[in-house]
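For reference, the structure is listed below as C-alpha coordinates.
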Amino acid sequence: MVVVIVEYRIDRRSGVPAFQQIVQQTKQALRLGVLVPGDRLPTAKEVAATSTVNPNTTLKAYRELEREGLVEPRPGQGTFVRRTLGRPETGTDSALYAELVAWMSRAAGGGLEQEDVAALVASAMEKQYAARERGGDEVHDNGVHGGHDNQEHR
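If you want my numbering, it's the 1-based position in the sequence shown plus 487.
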(Lines of atoms letter the chains of each structure in order from A; the text may use other names.)
(Lines give C-alpha, C1' and ligand atoms only; values in the text may rest on other atoms or scores of the structure.)
Protein backbone atom coordinates (compact mmCIF):
# COMPACT_ATOMS: atom_id res chain seq x y z
CA MET A 488 0.00 0.00 0.00
CA VAL A 489 1.38 3.39 -1.03
CA VAL A 490 0.58 6.36 1.18
CA VAL A 491 1.13 9.70 -0.48
CA ILE A 492 1.20 12.76 1.70
CA VAL A 493 -1.38 15.17 0.34
CA GLU A 494 -1.99 18.28 2.35
CA TYR A 495 -5.07 20.23 1.40
CA ARG A 496 -4.85 24.02 1.58
CA ILE A 497 -8.27 25.42 2.38
CA ASP A 498 -8.81 29.09 1.64
CA ARG A 499 -11.80 30.14 3.71
CA ARG A 500 -11.88 33.58 2.06
CA SER A 501 -12.22 32.20 -1.47
CA GLY A 502 -15.98 31.70 -1.36
CA VAL A 503 -15.50 28.13 -2.60
CA PRO A 504 -16.85 25.52 -0.17
CA ALA A 505 -14.12 23.54 1.61
CA PHE A 506 -15.35 20.20 0.24
CA GLN A 507 -15.12 21.60 -3.31
CA GLN A 508 -11.57 22.82 -2.67
CA ILE A 509 -10.63 19.30 -1.58
CA VAL A 510 -12.20 17.88 -4.76
CA GLN A 511 -10.38 20.44 -6.94
CA GLN A 512 -7.02 19.91 -5.24
CA THR A 513 -7.36 16.13 -5.49
CA LYS A 514 -8.16 16.41 -9.20
CA GLN A 515 -5.16 18.67 -9.68
CA ALA A 516 -2.93 16.09 -7.96
CA LEU A 517 -4.42 13.41 -10.25
CA ARG A 518 -3.73 15.53 -13.34
CA LEU A 519 -0.15 16.27 -12.33
CA GLY A 520 0.65 12.67 -11.46
CA VAL A 521 1.16 13.45 -7.77
CA LEU A 522 -1.56 10.87 -7.07
CA VAL A 523 -1.73 7.66 -9.08
CA PRO A 524 -3.94 4.58 -8.93
CA GLY A 525 -3.38 2.65 -5.71
CA ASP A 526 -2.39 5.67 -3.62
CA ARG A 527 -4.26 6.15 -0.36
CA LEU A 528 -5.76 9.55 0.35
CA PRO A 529 -5.39 11.00 3.84
CA THR A 530 -8.12 9.99 6.23
CA ALA A 531 -10.80 12.50 7.19
CA LYS A 532 -9.20 12.64 10.63
CA GLU A 533 -5.77 13.43 9.11
CA VAL A 534 -7.24 16.18 6.93
CA ALA A 535 -9.05 17.63 9.95
CA ALA A 536 -5.78 17.74 11.89
CA THR A 537 -3.83 19.52 9.13
CA SER A 538 -6.52 21.71 7.59
CA THR A 539 -8.96 22.29 10.47
CA VAL A 540 -11.75 21.00 8.26
CA ASN A 541 -14.62 19.05 9.75
CA PRO A 542 -14.16 15.33 8.93
CA ASN A 543 -17.65 15.27 7.38
CA THR A 544 -16.47 17.89 4.86
CA THR A 545 -13.64 15.61 3.74
CA LEU A 546 -16.00 12.63 3.56
CA LYS A 547 -18.37 14.68 1.38
CA ALA A 548 -15.47 15.51 -0.97
CA TYR A 549 -14.39 11.88 -1.12
CA ARG A 550 -17.97 10.80 -1.90
CA GLU A 551 -17.98 13.26 -4.82
CA LEU A 552 -14.66 11.87 -6.08
CA GLU A 553 -16.05 8.34 -5.69
CA ARG A 554 -19.18 9.30 -7.64
CA GLU A 555 -16.88 10.46 -10.45
CA GLY A 556 -15.07 7.12 -10.37
CA LEU A 557 -11.76 8.61 -9.27
CA VAL A 558 -11.44 7.01 -5.83
CA GLU A 559 -12.84 4.04 -3.95
CA PRO A 560 -13.33 3.51 -0.24
CA ARG A 561 -12.00 0.27 1.22
CA PRO A 562 -13.60 -0.41 4.58
CA GLY A 563 -11.04 -0.40 7.36
CA GLN A 564 -8.22 0.64 4.99
CA GLY A 565 -9.06 4.11 3.68
CA THR A 566 -9.88 5.80 0.40
CA PHE A 567 -7.75 4.86 -2.60
CA VAL A 568 -7.19 6.36 -6.05
CA ARG A 569 -8.88 4.28 -8.76
CA ARG A 570 -7.82 6.21 -11.84
CA THR A 571 -5.74 9.18 -12.79
CA LEU A 572 -6.59 12.27 -14.80
CA GLY A 573 -2.98 12.75 -15.82
CA ARG A 574 -1.52 12.49 -19.26
CA PRO A 575 2.21 12.28 -19.93
CA GLU A 576 2.33 15.87 -21.15
CA THR A 577 0.76 17.21 -17.92
CA GLY A 578 3.15 15.67 -15.40
CA THR A 579 5.59 17.68 -13.36
CA ASP A 580 8.42 15.94 -15.23
CA SER A 581 7.13 17.00 -18.68
CA ALA A 582 8.76 19.48 -21.02
CA LEU A 583 5.65 21.68 -20.87
CA TYR A 584 5.89 21.88 -17.09
CA ALA A 585 9.59 22.79 -17.30
CA GLU A 586 8.76 25.56 -19.80
CA LEU A 587 6.02 26.86 -17.53
CA VAL A 588 8.32 26.88 -14.49
CA ALA A 589 10.95 28.77 -16.51
CA TRP A 590 8.32 31.31 -17.63
CA MET A 591 7.12 31.71 -14.03
CA SER A 592 10.70 32.33 -12.95
CA ARG A 593 11.12 35.03 -15.61
CA ALA A 594 7.80 36.61 -14.60
CA ALA A 595 8.76 36.68 -10.92
CA GLY A 596 12.22 37.97 -11.83
CA GLY A 597 10.53 40.71 -13.84
CA GLY A 598 8.70 41.89 -10.74
CA LEU A 599 5.28 40.36 -11.39
CA GLU A 600 3.26 39.45 -8.33
CA GLN A 601 1.39 36.15 -8.04
CA GLU A 602 -1.89 37.89 -8.88
CA ASP A 603 -0.33 39.41 -12.04
CA VAL A 604 0.85 35.98 -13.18
CA ALA A 605 -2.55 34.43 -12.43
CA ALA A 606 -4.27 37.17 -14.48
CA LEU A 607 -1.90 36.64 -17.43
CA VAL A 608 -2.32 32.87 -17.34
CA ALA A 609 -6.11 33.14 -17.06
CA SER A 610 -6.23 35.59 -19.96
CA ALA A 611 -4.02 33.46 -22.20
CA MET A 612 -5.94 30.31 -21.28
CA GLU A 613 -9.27 31.98 -22.01
CA LYS A 614 -8.01 33.27 -25.36
CA GLN A 615 -6.58 29.87 -26.36
CA TYR A 616 -9.58 27.76 -25.41
CA ALA A 617 -12.17 30.27 -26.63
CA ALA A 618 -10.45 30.21 -30.03
CA ARG A 619 -10.67 26.42 -30.10
CA GLU A 620 -14.38 26.54 -29.27
CA ARG A 621 -14.98 28.96 -32.15
CA GLY A 622 -13.90 26.37 -34.64
CA GLY A 623 -10.42 25.13 -34.12
CA ASP A 624 -8.46 28.35 -34.50
CA GLU A 625 -5.53 28.48 -32.18
CA VAL A 626 -3.92 31.52 -30.67
CA HIS A 627 -0.28 31.46 -31.69
CA ASP A 628 2.65 32.89 -29.77
CA ASN A 629 2.39 36.13 -31.72
CA GLY A 630 -1.20 36.61 -30.56
CA VAL A 631 -2.62 36.15 -34.06
CA HIS A 632 -5.66 33.94 -34.45
CA GLY A 633 -5.93 31.19 -37.05
CA GLY A 634 -2.86 32.14 -39.03
CA HIS A 635 -4.17 35.51 -40.21
CA ASP A 636 -1.81 38.44 -39.94
CA ASN A 637 -2.57 41.75 -38.27
CA GLN A 638 -2.01 43.80 -41.42
CA GLU A 639 -4.92 45.80 -42.67
CA HIS A 640 -6.34 44.28 -45.87
CA ARG A 641 -7.28 46.81 -48.56
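We put the beta carbon where it would ideally sit given N, CA and C, even for glycine. Given the structure is predicted, the values throughout are model-derived calculations rather than measurements.
Whole-angstrom distance between residue j and residue i, CA atom to CA atom
| i | j | result |
| --- | --- | --- |
| E600 | G573 | 28 angstroms |
| S592 | G556 | 36 angstroms |
| R619 | E586 | 22 angstroms |
| E602 | G502 | 17 angstroms |
| L607 | I492 | 31 angstroms |
| Q651 | G563 | Since the first residue of the chain shown is 488 and the last is 641, residue 651 is not available in this structure. |
| S581 | A536 | 33 angstroms |
| K514 | A611 | 22 angstroms |
Contact set for residue i: own chain, Cβ-Cβ below 7 angstroms, skip 5 residues either direction
| i | result |
| --- | --- |
| V558 | L528, Y549, L552, T566, F567, V568 and R569 |
Same chain only: Cβ atoms within 6 angstroms of residue i, ignoring 5 sequence neighbours per side
| i | result |
| --- | --- |
| P560 | T566 |
| D498 | none |
Selection from the options that minimises the alpha carbon distance to residue i
| i | options | result |
| --- | --- | --- |
| N458 | A505, R500 and Y584 | Past the boundaries of the shown model lies residue 458; the chain is included only from 488 to 641, so the question cannot be answered. |
| T544 | R554, P524 and Q508 | Q508 |
Short Cβ contact (7 angstroms threshold) for residue i with residue j
| i | j | result |
| --- | --- | --- |
| V604 | A594 | yes |
| L519 | T571 | no |
| V534 | Y495 | yes |
| E516 | L522 | Reading the sequence as shown, one finds Ala at residue 516 and not Glu. Yes, the Cβ-Cβ distance between A516 and L522 is below 7 angstroms. |
The ligand ZN heavy atom lying under 6 angstroms from the CB of residue i
| i | result |
| --- | --- |
| E620 | With respect to small molecules bound, the structure shown includes none, and the ligand ZN cannot be examined in it. |
Close beta carbons around residue i, own chain, < 8 angstroms, minus the five adjacent residues each side
| i | result |
| --- | --- |
| K547 | F506 |
| D510 | Reading the sequence as shown, one finds Val at residue 510 and not Asp. A548, E551 and L552. |
| T539 | I497 |
Extent of the continuous beta strand (DSSP E) to which residue i belongs
| i | result |
| --- | --- |
| E559 | V558 to R561 |
| T545 | No beta strand (DSSP E) contains T545, which is instead part of the alpha helix (DSSP H) from P542 to R554. |
| V493 | Neither: V493 is in no beta strand (DSSP E) and is coded neither H nor E. |
Run of the alpha helix (DSSP H) containing residue i, from where it starts to where it stops
| i | result |
| --- | --- |
| T530 | Here T530 belongs to no alpha helix (DSSP H), and DSSP marks it neither H nor E. |
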